[in-house]
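Protein chains in written order, with the working numbering: chain A, 7 to 137; chain B, -9 to 1094; chain C, 10 to 296.
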Amino acid sequence: MSKLLIDKDFKRRIEEISDQKLSDCYQCGRCTAGCPFANFMDAPPNQVIRFMQLGLKDDVLDSQGPWLCAACLVCQTRCPRGVDIPRLMEAVRAIHLRAKEGLIDVSEIDKEFLLDAPPLALMSAFSKYTY
Amino acid sequence: MKRIGVFICHCGINIAKTVDVEALAKEIKKYPGVVHAETNKYMCSDPGQILILEAIKNQKLDAVVVAACSPTLHENTFRNASARGGLNRYMCEMATIREHCSWVHDDKDIATKKALRIIKSMVEKVRYDEPLDPILVDVTKKALVIGGGIAGIQSALDIANSGIETILVEKSPSIGGHMIQLSETFPTLDCSQCIMTPKMVEVAQHDKIKLLTYSEIEEITGSIGNFNVKVRQKSPFVDWVKCNGCGECDYVCPVTTDNEFECGLASRKAIYRPFPQAVPNKFTISKLGHAPCRIACPAGVNVQGYIALISAGKYKEALELEREANPFASVCGRVCNHPCESECARGEVDQPLAIASLKRFIVEKGSYPTEQKKPNGEKIAVVGSGPGGLSCAYFLAKKNYRVTVFEAEKVVGGMLVLGIPEFRLPRDAIKDDIDYIKSFGVETKTGVKVGETISINELKTKYRAVFISTGAYEEMKLNVEGENLAGVLHCIGFLKKVNLGDKVTLGKNVVVIGGGNAAVDAARVAKRLGSDVTILYRRSRKEMPANSWEVEEAEREGIKIEFLVTPSKIFGTDKVQEIECLRMELGEPDESGRRRPIPVRGSEFKIPVDNVIVAISQKPIIDWLGNEFEKTKWGTLIVDDDTGETTVKGVYAGGDVVSGPDTIIKAVAAGKKAAEAINASIKGIKIARKEYNKATPEPEKLQQTKKAPRAEMPKLTTDKRKGFDEVELGFDEETAKKEADRCLDCAICCECKQCETVCEPEAIVHDLEDKILNFDVGAIVVATGFDLYDPERLKEYGYGRIQDVVTSLQFERLLSASGPTVGEVQRPSDGKVPKRIVFIQCAGSRDKENHLEYCSKICCMYTAKHALLYKHRVHDGEPIIFYIDVRTSGKGYEEFYNRVTDEGATYIRGKVSKVYQDNGKIIVLGADTLSGKQVEVETDMVVLATGMIPRKSSEDVVRILKIQCDANAFLSEAHPKLKPVESQTAGIFLAGAAQGPKDIPEVVAQASGAASKAIGILVQEKIAFEPTVAGVDEDLCSGCSICVAVCPYSARELDKEEMVVKVVEALCQGCGSCSAACPSGAAQQRNLIDLQIEKMVVSALEAK
Amino acid sequence: MRIPYYPGCTLYTKAKPLNTSLHACFSAIGIELAELPHWYCCGTTFTLARDNRMSLIAPLRILAKAQQENGKVLVPCSICYNTLKRANYMLNEDIETLDILNEHLEESYDGNEIVLHPLEFFRENEELIKSKVKKNLKDLKVGCYYGCLLLRPQQEIQFDDAESPTIFENFVSLIGATPIDFPLKVECCGSYLVVTSPDAALEASYKLLRNAQGNGVDAVVTSCPLCYYNLDALQEKMAKAHPGFKQIPIFYFSQILAIALGVEEKNLGLEQNKVSPYEILKEYNLL
């Protein structure tokens, strides 16, 4: 059994970048319920937030959830506690990207797709996933 | 100098932690007058109070200051202690050093200094306090309970059982509240009906309870011991003394509306009993006023009424109702301009009802009264047999007057037979109405021209009254060159000839000039006589006064219309050959509001013609009436607006002769008005002008109404319109009924009065008015209950869009043996038994961001109960409950929850995000946070555990009672722990869910608590009021009455004889508004006079 | 009348049909689209990191440029619209950031520009549009797909109700077609996940198209070039992944408006659609 060690600095950093209060979340799971991509995530949104609440830095940074968030804001619209979940996900991405850990390498994108996809798809993905 | 003792409380550590109480005691002892100061850990405790008692005795204290918490909490405690020690209780004051000091400071030094100032200022106050005696007032030994749900019922029974007379006021027609709607109750599964109905009956039969249902509180004044209450007992339009609840009226009522008791899952009639076990077991009529159609009809025809009767298949009754207001049912069913249709609320959903065509249908369906009693009353003469004259005759004949109608022409009917062509109005159709009118004994004399054959003066002497309705027959001229050429005809003359069967021949090209109905009629007649017809109209289509549907028919029949064209000259040698016209353009609006046509210079053009028919309006011919009849500059008769009486007494007029060319229905209205006025004048009664409330459906109802197109009138195809056969063919029964069903029942009750015909005890009173009752009570219990949170605000859950998403209360009705499905669980959309139901908890509750922040407390338990009852009814049913937390704090509740899970309910921890329909299935998008999975559930039905909110109507009660509410609009108790049933106003108590969400046992307990508190007041002979009220120094008072205006409790009034203000001490609450406002210092509050305030301020500020 | 216009990058490349058809529509109703001089990319996607002021620079500069025109700027691309509108909202809320950015930039912006979507413009000019409609689209059953960016966050965008919007349906009714409601019209199509997690985007788009079809639509209409791509271009893969899936044409709102206004076929930009729209348009005699 591992001891619970709350990484308060990490919590503070998430709260600062996202401008959200983690204690606002009461873990009702509604974000997960409505997330169009929760099925593809190893840890769905509410669990990522739970990791954050407990200051489990490694669990947060290792989870794929934030990379699958498309910032569609359905969770933010329906959250009964007014938590802007996409901002929390952005904070995780920001921490990664500022440490120069991107999700994708532009040079590896399929050339055919590059030619076919609309620029705004690529620009959006680059802004969310590259540094 | 007074000997003052100061007692300082530590309040455990509440005060002592931040305020140095010992230093304080030491310091205050040095203050002038303070002869004793000490501290105690809890001054409110017994040892603490004994300190006060002993010090009063030992130190011979004259006054006491206790520095502790707030007076709200313990003033009474310490004043009682002082009184036990032998002081007058008003010689004891509290200095608030907890709430005002220790709780709001951290720095001990600063806090101690502030506490000292607070105490000093209270020492100054008490130094000038005077001994006072409480004010004693007699108590009215009656109680008022507001709200007839389980809380109100329990309170009323408890109070009444103690022998005190109790008045129970309930807003709806029956008591029972929400509890009577429930099926079974948790955790014991008692049948709600079984345990509730005996209590309801007990209320009704209790000799100490006066039950006022369908009643609302209008006003409450006074205070504890003596409240004056004004109650409005709304009219149920049924005499409840006579009504025996037999329900015959229910069967015959043609109007259905949403059933509130069944939460919209079933319908009820406009006359209704909320539910079969209602108490009192009486019927009520839902009446919202008059439907817009009925108000729009100049003759006041009860349109909604006859439409409802058509829906019910009662055509004969429908026709009778129509003819109560308008004898020309057959005529108006065909050619009325139906202003009712423009006002029809259905027009806001899709299109207005085809009201006029429905009228025609009932005439064609209906049977006629054959024999009427011949009138034998006074004689009345009517001049002119058009719709105005005949209507007047009809209404008078029905009132037993002998009426003779004089007609100059050979035929009866006026413009109906002379002006309107047969293809629009067959002669048989007119005959139907005229025969009907004549069957009431109306006599007609044709070929008698009043003014020639017989003079108006002769009529005046031979008849008790005369009604003139001779129409408008003088045709207006174009006043252009060539108007007198042969071949130029004038419209009415032309139509009259054709209508009377005279031979008329027209040439090939006919031009009709004008844009009114007569012009269009003339054009269509000319077309049928074989000509090519063009209508010239000087404005655009928008301004055309003819009925748009007639214009469309004319065009369909091949008639050309040239807009913005006016004739300037007619050419021809002996006969018309050519007409010269000018193009027009529209300028600014003229006095009729239509844009004025202006000729375009140089736009002249010519059209070859064989005939011109001028149809630009008519005016009355009234030169046969002497100068004593005053006329307008347009050559119409002047009459009184209310009665239709001309300037000659006893002679009335109406129709086109007064208004100029106008509609049939307005002529009918004028005839009817004059008939009423003549009758009133003869009988010497006054006509009251009636104002009607316009009843329109709620916007939500309009939104929810499914669109259904208006029935199309079948018509002769244009190729068959050669002769004068009627163009419109009328509705068949199926079409008519379907069309009538589109009616939105704006006023709900349509006043068709079918109920009257079947009510044996004659209890129906359609014009019954509200009653105002006044009475005095000594105490009040407020139990106004709750509503469900509006589920439509939870848009993502699809309520209102998906039929099988229901609220918890609707589900109760679906479970109830007395419900719309007799206890079988069936889903609303198709009546199928749902094999799986998803229950969504916290629907609206615990959502501070979008809905209600609080927990509604009962939903966990009732949802568990729903799941269990569903399982009991549908054994293979699958209840799935989405929850955030399951809260089961109550006796037997956790055990009940265990039972529900044991019996197979699936609990999933997660809040549902969305409910939607996909390919006919209901999909619930949820999550199971415990397994970390998103879950998508396909289900047959969804039940929303909607939260509780205070009942909407409690807002009014709050306003009237001037009691307090919390942030969520629930009623505020005086103290959350120690005074849970008291409101913040003395003598007013709270019971039930109006104070906050709670379940039945808690409601009942609180209701009994409130009752016992009320009884506690009502068993006293006298009630003591605080004497710290504001007095008047009569020597100083100038009687300026400023204080009277500012007093919020109406406790001050001016004595006009002495010119000083007097105080009603029982009403004064000591708020101090008057003393602040009084310019002369005459208004002074006892023990808080200006001097005291000044000294307190000076000492608090440590000023010199 | 002229109205300042910000097309954004994609309208010059992959979303050309949106640009051409929109221009054609506005010229048909007699309004000139005045493209902003020297505009640049809005940054695509509004930054959600509260400390990222850099990404507000591009929107601020665009808004400042637009402000020199007449106080309103028309933005048809949903992503640009969302980014500009959110940036605008934030710059109004956070005066400190606005001041800092203004201090460091050549441009100066006071926060008063109004960002307008063409659908909002049509809502304000219903009579005008109605009077110009030439073709009857009566039987064309159209599913209006809003996606995320026009609706959320509601407080900042104020376009319509985020859960049950109607502006798009009202627009479709206005031009005579039959709008068909489908519950997933407000859910996400997968957006830029198409670049990194194409499967997720495919499933999201498939789910909502299937929902629209279940409600009986003939075609789906949208305003966002990215949604358009996901809904249109991915259909071939959807059909492979979900046998039985029937492909369905996707239109830009401006394309069906252009059809109703009687715009020439060459200006409709239909040839770029991956799923052919011609059959359905021919079926209803709209070509």
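Ideal placement from N, C-alpha and C gives every residue a C-beta, glycine not left out.
These numbers come from a predicted model, not from an experiment.
The beta strand (DSSP E) with residue i in it runs from where to where?
i: B:Pro411; result: Note, B:Pro411: premise wrong, no beta strand (DSSP E); not H, not E.
i: B:Asp908; result: 904 to 908
i: B:Val25; result: 24 to 30
i: C:Pro13; result: 11 to 14
i: B:Thr853; result: That residue, B:Thr853, is in no beta strand (DSSP E); its alpha helix (DSSP H) goes 849 to 863.
i: B:Arg222; result: 216 to 223
Expressed to the nearest angstrom, what Euclidean distance is found between the alpha-carbon atoms of residue i and residue j?
i: C:Arg132; j: C:Phe180; result: 7 angstroms
i: B:Val269; j: B:Leu1008; result: 27 angstroms
i: B:Ala387; j: B:Gly356; result: 22 angstroms
i: B:Ala737; j: B:Glu333; result: 14 angstroms
i: B:Leu479; j: B:Ala536; result: 20 angstroms
i: B:Gln816; j: B:Val159; result: 36 angstroms
i: C:Tyr321; j: B:Val927; result: Past the boundaries of the shown model lies residue 321 of chain C; chain C is included only from 10 to 296, so the question cannot be answered.
As a quick exercise: from the options, pick the residue whose alpha carbon is nearest that of residue i.
i: B:Tyr682; options: B:Leu572, B:Gly922, B:Pro282; result: B:Pro282
i: B:Ala476; options: B:Ser921, B:Asp564, B:Ser459, B:Val502; result: B:Asp564
i: A:Pro86; options: B:Ser301, B:Leu842, B:Tyr391, B:Leu63; result: B:Leu842
i: B:Leu1091; options: B:Ala133, B:Met112, B:Gln39; result: B:Met112
i: B:Asn507; options: B:Ser521, B:Asp522, B:Glu542, B:Val478; result: B:Glu542
i: B:Glu963; options: B:Asp946, B:Ala981, B:Ile950, B:Asp780; result: B:Ala981
i: B:Thr246; options: B:Lys517, B:Ala298, B:Asp148; result: B:Ala298
i: B:Ser538; options: B:Ile792, B:Val325, B:Asp1045; result: B:Val325
i: A:Tyr3; options: A:Arg36, A:Asp116, A:Leu67, A:Val112; result: Because chain A is modelled from 7 through 137, residue 3 of chain A falls outside the range shown and cannot be assessed.
i: B:Ile100; options: B:Leu278, B:Val9, B:Glu1016, B:Pro940; result: B:Val9
i: A:Asn45; options: A:Val98, A:Ala127, A:Cys75; result: A:Cys75
i: B:Lys550; options: B:Leu485, B:Leu576, B:Ala516; result: B:Ala516
i: B:Thr460; options: B:Tyr642, B:Leu1057, B:Gly497, B:Lys19; result: B:Tyr642
i: A:Pro125; options: C:Thr231, C:Thr53, C:Ser263, C:Arg70; result: C:Thr53
i: B:Pro940; options: B:Ala957, B:Thr811, B:Lys904; result: B:Ala957
i: B:Lys761; options: B:Ser145, B:Val717, B:Lys220; result: B:Lys220
With a CB to CB cut of under 7 angstroms and the five nearest residues on each side skipped, what residues in its chain are close to residue i?
i: B:Val293; result: Ala281, Cys283, Arg284, Cys287, Cys330, Ile345
i: C:Lys216; result: Leu193
i: B:Glu44; result: none
i: B:Lys439; result: Ala398
Since residue i is in the alpha helix (DSSP H), which residue starts that stretch and which ends it?
i: A:Ile92; result: Sequence inspection shows Pro at residue 92 of chain A; the Ile mentioned does not correspond to that position. That run of the alpha helix (DSSP H) goes 91 to 104.
i: B:Glu331; result: 329 to 333
For residue i, collect the residues of the same chain with a Cβ closer than 8 angstroms to its Cβ; drop the 5 residues on either side in sequence, then sort them by chain order.
i: C:Glu41; result: Met10, Arg11, Ile12, Phe35
i: B:His862; result: none
For residue i, decide whether its Cβ has a neighbour in chain F, counting only Cβ atoms nearer than 8 angstroms.
i: A:Ile20; result: Although the question refers to chain F, the structure presented lacks it and instead comprises the protein chains A, B and C.
Spatial neighbours of residue i within its chain, please: C-beta separation below 6 angstroms, excluding the five flanking residues on both sides.
i: B:Cys1027; result: Val1050, Val1051, Ala1072
Point to revise | Contacting positions in the region 42 to 67 of chain A - beta carbon closer than 8 angstroms to chain B | key: Answer in chain order: Ala44, Asn45, Ala49, Pro50, Asn52, Gln53.
Practice item. Closer than 8 angstroms, Cβ to Cβ, to anything on chain C: give me those residues from the region 899 to 926 of chain B, in chain order. Key: Residues Lys904, Tyr906, Gln907, Asp908, Asn909, Gly910.
Check your understanding: Name the residues in the region 828 to 858 of chain B whose C-beta lies less than 7 angstroms from a C-beta of chain A; which are they?
Key -> Flagged, chain order: Arg836, Asp837, Lys838, Glu839, Asn840.
Review point. What are the residues of the region 772 to 789 of chain B that lie near chain C, defined by any Cβ-Cβ distance shorter than 8 angstroms?
Key: Result list: Lys785, Glu786, Gly788.
**Study point:** Members of the region -4 to 13 of chain B that neighbour chain A once the beta carbon cut-off is set at 8 angstroms
**Key:** Of all residues in the region -4 to 13 of chain B, none places a beta-carbon less than 8 angstroms from a beta-carbon of chain A.
Exercise for review: Identify each residue in the region 77 to 94 of chain A for which the Cβ-Cβ distance to at least one residue of chain C is less than 8 angstroms, and report them in chain order.
Suggested key: For the region 77 to 94 of chain A, residues whose beta-carbon sits nearer than 8 angstroms to a beta-carbon of chain C comprise Ala77, Cys78, Leu79, Val80, Gln82, Thr83, Asp90, Pro92, Arg93.
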